[in-house]
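*Asks:* Every number in my numbering is 1 more than the matching position in the sequence shown, counting from 1. Pasting in a structure now, in structure tokens, and then I'll have a few things to ask.
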Amino acid sequence: TEYRSIHHVGLYIGNGQMIEAPFTGGFVRVSSINRASLFGASRP
Numbered sequence: 002t003e004y005r006s007i008h009h010v011g012l013y014i015g016n017g018q019m020i021e022a023p024f025t026g027g028f029v030r031v032s033s034i035n036r037a038s039l040f041g042a043s044r045p
């Protein structure tokens, strides 16, 4: 996968859940992570 194909970012909060905004201007929500489309993850 190339970086230019990444179009969405979420913050992992644990237990298979993430905080995300589904689209520009959308309400922030808690969602399940779709691991099939996960590109990567990092910790500081």
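Backbone N, C-alpha and C fix where the C-beta goes; we use that ideal spot for every residue, glycine too.
Nearest to N35 by CA position, among S6, P23 and G17, is which residue?
*Replies:* Of the candidates S6, P23 and G17, the one whose C-alpha sits nearest the C-alpha of N35 is G17.
*Asks:* How about I20 and G27: do their beta carbons lie closer than 8 Å?
*Replies:* No, the pair does not count as a contact, with Cβ atoms beyond the cut-off.
*Asks:* In terms of alpha-carbon separation, which member of G41, V31 and L39 lies closest to I14?
*Replies:* Nearest of G41, V31 and L39 to I14, Cα basis: V31.
*Asks:* Just reading off the beta strand (DSSP E) that S33 is part of, what are its end residues?
*Replies:* It spans R30 to S33 - the beta strand (DSSP E) in which S33 sits, taken as one unbroken run.
*Asks:* Distance, Cα to Cα, G41 vs H8?
*Replies:* Roughly 13 Å between the two C-alpha positions.
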